[in-house]
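These notes concern the structure reproduced below.
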Amino acid sequence: MNAPAVSFTIATTENGEIIILPNVSISLTFKHTIKTRHPKTKIIKRKLHKNEQPSGIFGSTDCYYFNKESDWMNHGCKVSSTSQEHTECICNHLSTIGLLMSLHHYEPDTVLETVSLVSSSITIIALILTLLVFILFDSIKNERILIGVWCTVYAILLHYAFMAAFAWMFIEGCHLYRMLVLVFESYIEFKFIYLLIGYGMPFIIVIVTELVGFLSREQPYGQDELCWLKTPNYVWAFNGPVFLLTSDEGEKRR
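Just so we're aligned, residue 1 is where the sequence shown starts under full-length UniProt numbering, counting upward by one.
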């Protein structure tokens with residue numbers, strides 16, 4: 001129930017049946033004890049926050065009355081209007097009248113948690129391998145590293161990894177913003193979009209950078225001292241997207 005039940009009786013038949021009042025109706029406005037809200041789907045893909053109570057499904061509230069068999073029935077009663085906090089019922093008879101509704105069911109988003117766990121594990125392994133390479137191979141500790149095929153490959157992979165890291169940080173911020181602020185739209189599935197942004201966008205940026213270098217007949221990756229994007233022009237293939245992602249994230253937090 002989403003409101004205290006109200007009981008009215010004017011008259012009943014000898015066997016206790018409710019008398020229907022022809023062409024007469026009563027209007028009752030109930031204040032919800034549990035706030036209702038969107039989405040209308042029953043399952044919400046997130047965990048309940050600390051001290052948070054399950055919310056009612058907006059639009060699922062209906063007017064019922066208690067019959068003599070101790071069952072809830074809605075014959076002769078209907079919802080006239082409803083909001084997140086109030087519902088107005090119209091009935092053509094008197095009885096014990098109340099509101100019934102469905103509650104949201106909360107469960108963790110296992111897919112997103114799995115993706116985050118796998119991505120974090122891969123990142124940690126990559127960092128450990130990078131440290132081992134620098135520790136075990138003395139040749140890369142020189143002040144000058146000759147530009148070659150491996151340097152270019154390393155720069156491309158590094159560019160992609162950094163872009164993917166910033167993209168997933170941006171996705172995490174967007175996901176938290178949707179779940180905590182835009183709760184009315186939190187039921188929309190964004191898993192495919194998250195994967196597309198997190199892994200597809202960095203790949204497209206790397207391909208476009210390499211394509212621009214090919215068309216301009218120069219190598220965008222690798223420098224005299226670093227295996228990274230060449231300065232001053234190609235480094236914006238990293239600085240530009242990072243600036244856009246971090247600035248948009250800052251706007252959401254405000």
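For glycine and all other residues, C-beta sits at the position ideal for the given N, C-alpha and C.
Open item on the list: Just list the residues that DSSP pairs Glu88 with in beta bridges.
Closed with: Thr29 and Ser81
- [ ] Look at the Cβ atom of Leu28, then the Cβ atom of Cys89, and state whether they are nearer than 7 Å.
- [x] yes
Task: Residues of its chain near Lys191, where Cβ-Cβ distance is below 6 Å and the 5 sequence neighbours each way are ignored - done: Cβ contact annotation for Lys191 (same chain, cutoff 6 Å, sequence separation greater than five): Val111, in chain order.
Open item on the list: Based on DSSP bridge pairs, tell me the residues matched to Ile57.
Closed with: Arg37
- [ ] May I ask you to report which of helix, strand or coil DSSP gives Trp72?
- [x] strand
Task: Assigned exposure category for Gly222 - 16 Cβ within 10 Å defines buried - done: buried
Task: Short Cβ contact (7 Å threshold) for Gly200 with Ile171 - done: At a Cβ-Cβ threshold of 7 Å, Gly200 and Ile171 do not count as neighbours.
Task: Three-state secondary structure assigned by DSSP to Glu107 - done: strand
Task: C-alpha gap between Tyr234 and Thr123, whole angstroms - done: 25 Å
TODO: Could you check which residue in Leu215, Lys31, Phe166 and Thr96 has the C-alpha nearest to that of Lys68?
DONE: The shortest C-alpha separation from Lys68 is found at Thr96.
Open item on the list: Tell me which residues share the same chain as Ile145 and place their Cβ nearer than 6 Å to its Cβ, disregarding the 5 neighbours each side in the sequence.
Closed with: Unreliable positioning characterises Ile145 in this predicted model, as indicated by a pLDDT of 47, which lies under 50. A coordinate reading is not provided.
Task: Cβ neighbour criterion (16 or more within 10 Å) applied to Met73 - done: exposed
Task: C-alpha gap between His75 and Tyr64, whole angstroms - done: 8 Å
TODO: Confirm, please, whether the CB-CB distance from Tyr154 to Val206 is below 7 Å.
DONE: The Cβ atoms of Val206 and Tyr154 do not sit closer than 7 Å to each other.
Open item on the list: Quick check on Gly240: buried or exposed, where buried means 16 or more other Cβ atoms within 10 Å of its Cβ?
Closed with: Taking a 10 Å sphere around the C-beta of Gly240, we find fewer than 16 other C-beta atoms and assign the residue as exposed.
Task: Burial state of Ala237, where buried means 16 or more other Cβ atoms lie within 10 Å - done: buried
Open item on the list: Buried or exposed, going by whether 16 or more other CB atoms sit within 10 Å of the CB of Trp150?
Closed with: exposed
- [ ] Could you tell me whether the Cβ atoms of Met101 and Ser70 are closer together than 7 Å?
- [x] Contact: no.
Task: In DSSP terms, what Tyr221 is bridged to - done: Leu229
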